[in-house]
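Some notes on the structure that comes next.
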Amino acid sequence: MSPDRAVLRRALDRGEREGGSVEFKERLTEDLHLSEGRLESLAAQLRHRVLSGDGEATYVVGVTDDGGLAGISPAEFSESMDVLSLLAEEAGAHIEEVKTWGVDGVSENGSTDTDGIVGVATVSEGSVLADDDHIVVGTAGHVDHGKSTLVGSLVTGDADDGEGGTRGFLDVQPHEVERGLSADLSYGVYGFDADGEPIRMDNPHRKDDRARVVEESDRLVSFVDTVGHEPWLRTTIRGLVGQKLDYGLLTVAADDGVTETTREHLGILLATDLPTIVALTKTDLVDGERVAEVERSVEQALREVDKTPLRVERHGVDTAIDEISETVVPVVTTSAVTKAGLDALDEMFEALPKTAGEVGDFRMYVDRTYNVQGVGAVASGTIKSGEVEAGDELLLGPMQDGSFQEVEVRSIEMHYHRVDEAKAGRIVGIALKGVREADIERGMVLLPSDADPSPVQEFEAEVMVLNHPTRIGDGYEPVVHLETVSEAAAFYPEGGQLLPGDAGKTRVRFKFRSYLVEEGQKFVFREGSSKGVGTVTDTDPAE
Numbered sequence: 001m002s003p004d005r006a007v008l009r010r011a012l013d014r015g016e017r018e019g020g021s022v023e024f025k026e027r028l029t030e031d032l033h034l035s036e037g038r039l040e041s042l043a044a045q046l047r048h049r050v051l052s053g054d055g056e057a058t059y060v061v062g063v064t065d066d067g068g069l070a071g072i073s074p075a076e077f078s079e080s081m082d083v084l085s086l087l088a089e090e091a092g093a094h095i096e097e098v099k100t101w102g103v104d105g106v107s108e109n110g111s112t113d114t115d116g117i118v119g120v121a122t123v124s125e126g127s128v129l130a131d132d133d134h135i136v137v138g139t140a141g142h143v144d145h146g147k148s149t150l151v152g153s154l155v156t157g158d159a160d161d162g163e164g165g166t167r168g169f170l171d172v173q174p175h176e177v178e179r180g181l182s183a184d185l186s187y188g189v190y191g192f193d194a195d196g197e198p199i200r201m202d203n204p205h206r207k208d209d210r211a212r213v214v215e216e217s218d219r220l221v222s223f224v225d226t227v228g229h230e231p232w233l234r235t236t237i238r239g240l241v242g243q244k245l246d247y248g249l250l251t252v253a254a255d256d257g258v259t260e261t262t263r264e265h266l267g268i269l270l271a272t273d274l275p276t277i278v279a280l281t282k283t284d285l286v287d288g289e290r291v292a293e294v295e296r297s298v299e300q301a302l303r304e305v306d307k308t309p310l311r312v313e314r315h316g317v318d319t320a321i322d323e324i325s326e327t328v329v330p331v332v333t334t335s336a337v338t339k340a341g342l343d344a345l346d347e348m349f350e351a352l353p354k355t356a357g358e359v360g361d362f363r364m365y366v367d368r369t370y371n372v373q374g375v376g377a378v379a380s381g382t383i384k385s386g387e388v389e390a391g392d393e394l395l396l397g398p399m400q401d402g403s404f405q406e407v408e409v410r411s412i413e414m415h416y417h418r419v420d421e422a423k424a425g426r427i428v429g430i431a432l433k434g435v436r437e438a439d440i441e442r443g444m445v446l447l448p449s450d451a452d453p454s455p456v457q458e459f460e461a462e463v464m465v466l467n468h469p470t471r472i473g474d475g476y477e478p479v480v481h482l483e484t485v486s487e488a489a490a491f492y493p494e495g496g497q498l499l500p501g502d503a504g505k506t507r508v509r510f511k512f513r514s515y516l517v518e519e520g521q522k523f524v525f526r527e528g529s530s531k532g533v534g535t536v537t538d539t540d541p542a543e
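Letter by letter, the sequence shown follows residues 1 to 543 in full-length UniProt numbering.
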């Protein structure tokens with residue numbers, strides 16, 4: 001028996017033993033199970049199952065009444081989960097987790113179908129974490145300056161082994177762990193209870209442990225951990241510009257000090273007006289004199305960009321919480337090995353207010369896409385504004401031809417925890433009905449179905465050239481990073497040119513296709529390294 005089949009068999013055996021809190025269903029259909037009178041009856045049954053299981057019920061779908069493995073098609077399983085979600089909502093509960101297995105099913109003509117699915121859905125009583133008690137922190141800093149290790153120690157409470165062991169607790173790929181270098185965005189999460197005590201991950205490699213943190217926390221902190229290695233600068237920019245962050249966390253290693261990459265990442269953070277904390281890491285490797293030297297170099301780097309450093313050790317955590325802003329940057333000395341300074345970061349993250357939430361209609365730029373067996377296409381990103389619920393009808397686009405496609409929200413997950421709704425600032429995965437995963441691309445946006453979007457290929461902007469060896473003239477082609485869009489574009493500066501250090505107007509034209517761009521959006525442009533920043537001023541520039 002395969003490991004997956006063994007897990008499924010244990011779930012079925014548990015269901016046979018527990019009885020009252022477990023329900024076996026071959027499939028659920030909208031026509032039959034949501035019909036008048038039937039919906040209320042099944043919702044009452046679900047409520048009974050939840051109460052019998054002390055607030056949690058298990059629905060096994062794709063099996064016969066006696067627990068035999070039947071297997072249903074992916075389309076049938078998706079419809080079953082849609083129906084179960086509506087039944088749970090009617091009963092004052094929500095689907096918390098769904099696990100699926102592939103089994104041999106039987107088609108209508110009696111032939112064997114190896115694409116059959118059996119799924120186990122956990123249904124829980126009550127609501128989930130309030131959306132206004134969730135902050136999102138983006139990390140930055142030079143390669144090997146301890147970003148991922150620091151975050152790993154924060155989310156687990158464990159001291160590092162001095163070899164970066166806790167960095168493996170993040171959502172990283174095996175080749176990244178092997179090489180000790182991050183190559184893509186990774187994610188971590190921890191929280192606090194009603195008394196302000198940390199709720200950390202016991203086994204970060206398990207998806208259900210992340211979900212447990214989300215479920216138990218009254219206050220949640222999500223980390224978007226970026227990449228410090230120069231060849232993946234575009235990924236770092238995507239993490240800092242494309243996510244809807246509340247705060248930045250810049251790491252500077254005490255044994256290495258401020259580098260050009262440090263200055264570049266600091267410039268990106270502050271150019272996007274993101275309140276930022278600087279963490280001096282690896283202080284266990286050097287003496288106090290070296291720590292003081294690096295502190296002074298950090299303060300000098302901040303003052304060079306018109307920011308005011310605030311030493312947390314000298315002024316206290318409460319002052320740092322009160323003063324952090326676009327102009328005041330707290331500086332904390334830390335060590336993931338000795339855990340020095342981690343308590344101060346805990347105190348700050350427990351108390352810092354949310355900053356990124358925006359009022360208005362729902363809007364989410366797509367950062368990642370993937371396909372989940374039995375669920376279908378999933379678009380992942382950070383909600384920019386508004387809120388979204390399971391069952392909402394949305395628009396997705398622009399497609400290659402500039403059009404938008406109608407889709408429906410099948411379900412929503414946050415750090416593997418299934419939620420019924422989510423608001424601005426949440427990092428979520430939204431399962432979509434009505435579109436293939438292959439047709440969803442990074443840089444697309446999800447909008448309400450009644451929106452009237454006007455994608456553009458050209459816009460006008462105010463830009464500042466931060467780092468370029470020569471003048472920028474008509475036809476200059478950098479890569480523009482705006483929200484989750486990363487696209488080659490041509491610049492046409494007002495007056496024909498921009499010099500290093502200049503600020504001025506320019507027309508920006510995407511080279512290959514149109515995107516949804518709004519006035520006031522900030523962007524970074526780069527050519528190898530970052531060259532400058534800009535703000536969209538007009539999405540309908542005159543010729």
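Glycine residues also receive a C-beta, built at the ideal position from the N, C-alpha and C atoms.
Which word fits residue i, buried or exposed, when buried means at least 16 other C-beta atoms lie within 10 angstroms of its C-beta?
i    : result
T236 : Per-residue confidence for T236 stands at a pLDDT of 44, beneath the threshold of 50, marking its modelled position as unreliable; the derived number appears in the next sentence. With 16 or more Cβ atoms within 10 Å of its Cβ, T236 is classed as buried.
T251 : buried
G55  : exposed
Y515 : buried
R526 : buried
L499 : exposed
S107 : For S107, the pLDDT reaches just 44, beneath the cut-off of 50, and the residue's location in the model is therefore unreliable, although a value from the coordinates is still provided. Label assigned to S107: exposed.
E197 : exposed
S78  : buried
P353 : exposed
F510 : buried
I303 : At residue 303 the sequence reads Arg, which differs from the Ile that was named. Burial call: exposed.
S454 : exposed
D161 : exposed
A438 : exposed
S449 : exposed
A488 : exposed
R314 : exposed
D246 : buried
D540 : exposed
A44  : exposed
How close, in whole Å, do the beta carbons of residue i and residue j come, if the pair is a contact with beta carbons under 8 Å?
i           : j    : result
M348        : A320 : 6 Å
A248        : T276 : Position check: residue 248 holds Gly in this sequence, whereas Ala was assumed. Their Cβ separation, rounded to whole angstroms, is 4 Å, which keeps G248 and T276 in contact under 8 Å.
V189        : V221 : 7 Å
residue 548 : A254 : Outside the modelled stretch of the chain, which goes from 1 to 543, sits residue 548, for which no answer is possible.
D193        : D209 : About 16 Å separates the two Cβ atoms, so there is no contact after all.
V435        : A377 : 6 Å
V536        : G520 : 6 Å
L482        : V456 : That belief does not hold up - the Cβ atoms of L482 and V456 are roughly 11 Å apart, past 8 Å.
V465        : L432 : Actually they are not in contact, since the Cβ atoms of V465 and L432 sit about 40 Å apart, beyond 8 Å.
H33         : L42  : 6 Å
V409        : I430 : 6 Å
T58         : S21  : 6 Å
V103        : T29  : Actually they are not in contact, since the Cβ atoms of V103 and T29 sit about 20 Å apart, beyond 8 Å.
Tell me, which residues are paired with residue i by DSSP?
i           : result
K522        : T535
Q497        : G473
I199        : G191
F491        : Y476, V508
residue 545 : An answer regarding residue 545 cannot be provided, because it is not within the stretch 1 to 543 covered by the chain.
Q405        : L396
A121        : Y59, V98
F24         : V60
V419        : I412
F459        : V508
M464        : A503, V533
A379        : T369, I430
P448        : L394
R363        : S385
V103        : G116
I72         : I117
S486        : H481
Does any residue of chain B have a CB that is nearer than 7 Å to the CB of residue i?
i    : result
V294 : No chain B appears in the structure shown, which is made up of a single protein chain.
For the structure I just gave you, are there three or more beta carbon pairs, one from the segment 312-331 and one from the segment 394-410, closer than 8 Å? no
Does the segment 382-390 come close enough to the segment 363-370 that 3 or more CB-CB pairs lie under 8 Å? yes
Would you call the segment 413-425 and the segment 463-482 in contact, with 3 or more CB pairs under 8 Å? Segments in contact, no.
Of all the alpha helix (DSSP H) runs that stay within the bounds of the segment 302-340, which reach a length of 4 or more residues? Contiguous alpha helix (DSSP H) elements confined to the segment 302-340 occur at 312-315, 317-323, taking only those with 4 or more residues.
Can we say the segment 114-123 touches the segment 139-155, given the rule of at least three CB pairs closer than 8 Å? no
For the segment 336-344 against the segment 147-160, are there 3 or more C-beta pairs whose distance is under 8 Å? yes
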